[in-house]
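In my numbering, the protein residues as written are 8 to 519. For every residue, glycine included, the Cβ atom is placed at its ideal position computed from N, Cα and C. Before any comments, here is the structure.
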């Protein structure tokens, strides 16, 4: 009987959609009217942009934490007695905290919602900055960096979630990329103010960022998907109406979100919840979780094994080792500006070019840039007279190309796709795993970077990162689907692969 009722509900949703098409020319709802018949194309983009910008401000706070170590480390070495090993821990402990923060953030966004989590987690982030601002020995720095990472890992879970669940497919890519753009702005924030402030004053300034994020999100609505999951469909409709504008009929989209939430109520249920004939193997993870998780993990590994965080954490050291004539602090600002500009370009292209093509271009150009860095350091070790005059431009040019290439694809897209491809009830488990893997690998790369340089030389390390970027290109070509312009329901259908035209869906998601 329940299945019959579900089928009748689906039929009624289809009838409603058809009636909406038949009446597109009708007038918008006016005060006192009893009907709402509005064109589906009449949604207002501005509220979605407002939500995305406010939520992404958490990315600014996260980026400031990532960028803080580069300008701060020279000052820390002057004001404290610290060893090289302690310096590496100060840089890399943020990744340890983030690996733990991802699963905690996933639990939090299920308990108190996406919006509520962003607001609540501003408190521990502020406390973390206080540990850094008032540090008297290295253990204060360890605690502050680890706690900052804990908050950063959680931010990577619930910010992409609320943006992905609140945005229309037509602009979801662009809005989702705002998170990575915000992270780069935060990195530039630390680089720029780190030139004129002491490391403690910079930490004091950064305290304001999570507080501002909480204030902005206080005025934003909760994710409609979370509200439906919580059984509060009235609030979900109100939130969706705010996001789409007052003159948009949200009923069909609300029905689609309801179906998406209901499709896989258990992430470890192998069967399709709407097909009573489908096989059930309850102890196996479902296709709706496993296949998207493999794609997400591949992209996360691609993001970290290109060496981005090692480059960011040790930007000044790289320029000093290269013998560049540019002051190291200024070099980091140049890198930060390049990152922001390139990420902005990638954000604008996200819903035009698509995710796959940007990922492949990104990996290709990163490989070229990293190879350029490797060549420079090889020549520096074998023919120092040649590099002293003729190739001083190469490390800066290669690093800027690397940052630009990373920022248009491999930087923003893994988080964007992770926010798109998981059904709501698998999102908690899957994003926890993906986030933990991402930050764990970031810790490994950052902690081992200087050791690898000692063992392989700078040219060997950059050559290794170049080869891994080529592998990222291959992985994207064969395994990453195109999600541009697809609704969350369509993406879920593709990964479940249950319908008779699944091959058509596959080609569509690969090639659109």
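Give me the Cα-Cα distance between residue i and residue j, rounded to the nearest whole angstrom.
| i | j | result |
| --- | --- | --- |
| residue 327 | residue 335 | 7 Å |
| residue 340 | residue 194 | 9 Å |
| residue 342 | residue 488 | 31 Å |
| residue 99 | residue 411 | 23 Å |
| residue 452 | residue 314 | 7 Å |
| residue 211 | residue 384 | 37 Å |
| residue 16 | residue 425 | The pLDDT assigned to residue 16 is 42, lower than 50, so where the model puts this residue is not dependable; a value taken from the coordinates is nonetheless given after this. Cα to Cα, residue 16 sits roughly 30 Å from residue 425. |
| residue 402 | residue 379 | 8 Å |
| residue 76 | residue 495 | 38 Å |
| residue 116 | residue 381 | 43 Å |
| residue 13 | residue 483 | In this predicted model, residue 13 has a pLDDT of only 44, less than 50, meaning its place in the structure is not dependable; the value taken from the coordinates is given anyway. C-alpha separation (whole angstroms): 37 Å. |
| residue 414 | residue 370 | 11 Å |
| residue 229 | residue 124 | 10 Å |
| residue 264 | residue 480 | 33 Å |
| residue 471 | residue 478 | 11 Å |
| residue 118 | residue 353 | 33 Å |
| residue 500 | residue 464 | 48 Å |
| residue 182 | residue 143 | 41 Å |
| residue 66 | residue 390 | 43 Å |
Taking the continuous alpha helix (DSSP H) assigned at residue i, which residues delimit it?
| i | result |
| --- | --- |
| residue 229 | Per DSSP, residue 229 belongs to no alpha helix (DSSP H) and is neither H nor E. |
| residue 158 | 145 to 173 |
| residue 237 | Element bounds for residue 237: n/a, residue is neither H nor E. |
| residue 211 | 206 to 213 |
| residue 360 | 335 to 360 |
| residue 117 | 91 to 118 |
| residue 200 | 176 to 201 |
| residue 440 | 431 to 486 |
| residue 501 | 495 to 503 |
| residue 491 | Neither: residue 491 is in no alpha helix (DSSP H) and is coded neither H nor E. |
| residue 253 | Here residue 253 belongs to no alpha helix (DSSP H), and DSSP marks it neither H nor E. |
| residue 418 | Run containing residue 418: none; DSSP gives neither H nor E here. |
| residue 410 | 400 to 412 |
| residue 59 | 52 to 86 |
| residue 136 | 129 to 140 |
Tell me whether residue i counts as near the ligand PLP, meaning its Cβ is closer than 6 Å to at least one heavy atom of that ligand.
| i | result |
| --- | --- |
| residue 473 | Ligands are entirely absent from the displayed structure, and the ligand PLP is therefore not among its contents. |
Please look up how many angstroms separate the CB atoms of residue i and residue j, rounded, as I've assumed it's under 8 Å.
| i | j | result |
| --- | --- | --- |
| residue 189 | residue 63 | 4 Å |
| residue 374 | residue 476 | 4 Å |
| residue 179 | residue 427 | 7 Å |
| residue 161 | residue 434 | In fact, because the Cβ distance is near 14 Å, the residues do not count as touching under 8 Å. |
| residue 299 | residue 502 | 5 Å |
| residue 131 | residue 439 | About 18 Å; that fails the 8 Å criterion. |
Got a sec? Which residues, its chain only, sit under 8 Å from residue i by beta carbon, not counting five neighbours each side?
| i | result |
| --- | --- |
| residue 257 | 244, 247, 248, 251 |
| residue 39 | Residue placement at residue 39 is flagged as unreliable, the pLDDT there being 35, under the threshold of 50; the coordinate-derived value follows with that caveat. Around residue 39: no qualifying Cβ. |
| residue 54 | 249, 250, 251, 252 |
| residue 89 | 83, 97, 145 |
If you drop the 5 nearest sequence neighbours on each side, which residues of the same chain put their C-beta closer than 7 Å to that of residue i?
| i | result |
| --- | --- |
| residue 103 | 153, 156, 450 |
| residue 445 | 307, 310, 311 |
Can you list, in chain order, the residues of its chain whose CB lies under 6 Å from that of residue i, leaving out five sequence neighbours each side?
| i | result |
| --- | --- |
| residue 93 | 145 |
| residue 338 | 326 |
| residue 58 | 173, 227 |
| residue 207 | 140 |
| residue 163 | 442 |
| residue 42 | Confidence in residue 42 is poor, its pLDDT being 37 and thus under 50, which makes the residue's placement unreliable; the coordinate value appears in the next sentence. Once the five neighbours on either side are set aside, residue 42 has no close Cβ partner at all. |
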